[in-house]
Amino acid sequence: MLVSLPVMSLYVASLNSGSNGNCYYVGNGNDAVLVDAGLSCRETERRMAKLKLSMKTVSAIFISHEHGDHIKGVNVLSKKYNLPVYFTENTFRFSRLSVEKSLVRTFTAEERISVNGLDITAFAKHHDARDPHSFTIEGNDVTIGVYTDIGNVCDNLTMHFKRCHAAFLEANYDASMLESGRYPIHLKQRIRGGKGHLSNDEALELFRTHKPGHMSHIFLSHLSKDNNNPDLVARMFNEHAGDTQVIIASRYNETGVYHIQHPSARKGNTTTNPYGAQASLFGH
Ligand SMILES: [Zn+2]
Ligand SMILES: [Zn+2]
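Last residue of the sequence shown: number 284 in my numbering, and the count goes up by one each step with no gaps.
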């Protein structure tokens with residue numbers, strides 16, 4: 001069903017975020033892409049349905065790296081919905097996924113890939129996977145970042161982050177909780193080493209220093225179950241957020257669907273909501 005499109009805006013949601021599964025939705029009202037598919041097909045469908053999002057609007061899946069929490073649902077989703085899946089060649093090889101050959105697409109860093117009105121650009125990141133990449137998605141003059149599983153903040157990440165109207169940004173662990181926690185030392189070192197995950201402090205430093213004035217939403221993502229506290233990290237960010245809304249992308253539930261607008265479209269805008277009258281669309 002075609003509905004009147006809101007101009008200069010995109011819709012985003014996290015279906016789940018964390019070491020138990022990652023899946024992020026970015027759509028323009030008619031078409032969408034999923035970044036990572038780390039929930040089962042059935043759970044992806046269930047959460048999409050709860051958000052009144054149709055799998056039929058999804059045009060492609062983009063895979064950041066081959067860890068299980070990012071690829072668990074890929075084989076079944078791709079087959080069931082005939083969805084192309086974008087990987088780097090190395091990520092595809094190391095993922096051992098069995099995506100139908102005709103549905104495998106490859107990308108390289110900085111290549112701009114257009115899928116039904118959405119432009120997706122990947123860039124390399126520091127993480128202990130074979131060939132890990134982050135994604136920036138643009139459409140309708142709005143820019144969305146999906147930045148999780150990052151060992152440290154590199155110039156590339158900073159450059160992309162500065163352009164975003166909304167970003168899913170990893171805030172994986174509180175340094176003192178990790179230090180005093182029950183993890184064995186090798187695992188602690190893996191997490192906080194340069195190829196593991198971003199700490200709350202590292203994510204906050206990026207946010208404080210480089211948050212652009214036009215960023216309306218920050219989704220704190222991939223929080224550790226054992227080494228983080230959602231209230232704590234939300235408080236840390238809220239102290240520096242100004243007009244930017246801070247949302248936790250949970251490891252237990254989907255977020256709402258958020259309507260991300262270009263600043264010039266925000267004031268007095270009463271655009272048609274293509275997904276039905278759902279309060280969560282406008283942030284909660
Ligand atoms: Zn992960
Ligand atoms: Zn990972």
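Just so you know, even glycine gets a beta-carbon here, dropped at the ideal spot from N, CA and C. All values reported here derive from a predicted model rather than from experimental measurement.
On a CA-only basis, which of the options is nearest residue i? Give me that one, please.
{"i": "L15", "options": "K50, L204, N30", "result": "K50"}
{"i": "S9", "options": "D243, H240, L118", "result": "L118"}
{"i": "G68", "options": "C23, K195, A171, R208", "result": "C23"}
{"i": "V257", "options": "G29, G18, R96", "result": "G29"}
{"i": "I71", "options": "T121, L53, M48, G18", "result": "G18"}
{"i": "F92", "options": "A13, T108, Y252, L187", "result": "T108"}
{"i": "M159", "options": "A122, D149, S176", "result": "A122"}
{"i": "G21", "options": "H165, E66, M236, E202", "result": "E66"}
{"i": "F94", "options": "L53, N75, G196, A129", "result": "A129"}
{"i": "N116", "options": "T57, C41, V233, G242", "result": "T57"}
{"i": "G242", "options": "F219, R208, D231", "result": "R208"}
{"i": "P263", "options": "L187, N172, G193, V142", "result": "V142"}
{"i": "A171", "options": "E89, L53, D201, N82", "result": "D201"}
Assuming residue i and residue j are in contact, meaning their beta carbons sit under 8 Å apart, how far apart are those beta carbons, in whole angstroms?
{"i": "P132", "j": "R163", "result": "Actually they are not in contact, since the Cβ atoms of P132 and R163 sit about 20 Å apart, beyond 8 Å."}
{"i": "V35", "j": "S64", "result": "7 Å"}
{"i": "S221", "j": "T136", "result": "Actually they are not in contact, since the Cβ atoms of S221 and T136 sit about 15 Å apart, beyond 8 Å."}
{"i": "A265", "j": "V7", "result": "6 Å"}
{"i": "S78", "j": "V99", "result": "5 Å"}
{"i": "F62", "j": "I120", "result": "6 Å"}
{"i": "K80", "j": "C41", "result": "6 Å"}
Out of curiosity, what's the CA-to-CA distance linking residue i and residue j?
{"i": "T106", "j": "F87", "result": "5 Å"}
{"i": "L223", "j": "H127", "result": "16 Å"}
{"i": "R251", "j": "R112", "result": "30 Å"}
{"i": "H210", "j": "L198", "result": "16 Å"}
{"i": "V12", "j": "H259", "result": "7 Å"}
{"i": "E45", "j": "N253", "result": "13 Å"}
{"i": "E43", "j": "N75", "result": "14 Å"}
{"i": "M55", "j": "L178", "result": "38 Å"}
{"i": "A249", "j": "V233", "result": "12 Å"}
{"i": "I247", "j": "F237", "result": "10 Å"}
{"i": "L140", "j": "Q189", "result": "According to the sequence shown, residue 140 is Asn rather than Leu. Going from the Cα of N140 to the Cα of Q189 covers about 41 Å."}
{"i": "R235", "j": "L204", "result": "11 Å"}
{"i": "F219", "j": "E138", "result": "17 Å"}
{"i": "V192", "j": "D231", "result": "Here the sequence assigns Arg to residue 192, which means Val is not the residue at that position. Cα to Cα, the separation comes out at about 21 Å."}
{"i": "D155", "j": "V85", "result": "27 Å"}
{"i": "V196", "j": "N90", "result": "The sequence shown places Gly at residue 196, not Val. Computed Cα separation, rounded: 19 Å."}
According to the Cβ coordinates, are residue i and residue j closer than 8 Å?
{"i": "S59", "j": "A32", "result": "yes"}
{"i": "A167", "j": "G145", "result": "yes"}
{"i": "Q261", "j": "H217", "result": "no"}
{"i": "L206", "j": "V153", "result": "yes"}
{"i": "H165", "j": "H214", "result": "yes"}
{"i": "K125", "j": "L157", "result": "yes"}
{"i": "G73", "j": "L97", "result": "no"}
Taking Cβ positions only, does residue i come closer than 8 Å to chain C?
{"i": "D69", "result": "Within the model displayed, chain C is absent; a lone protein chain is all it includes."}
Inset, instruction - Tell me, please, whether the segment 178–187 touches the segment 225–240 by the rule of three or more beta-carbon pairs shorter than 8 Å. - result: With a cut-off of 8 Å, the segment 225–240 and the segment 178–187 count as touching, because enough Cβ pairs lie within range.
Inset, instruction - For ligand 4, enumerate in chain order all residues having a CB closer than 5 Å to any of its heavy atoms. - result: Ligands present in the displayed structure are limited to ligand 1 and ligand 2, and ligand 4 is not among them.
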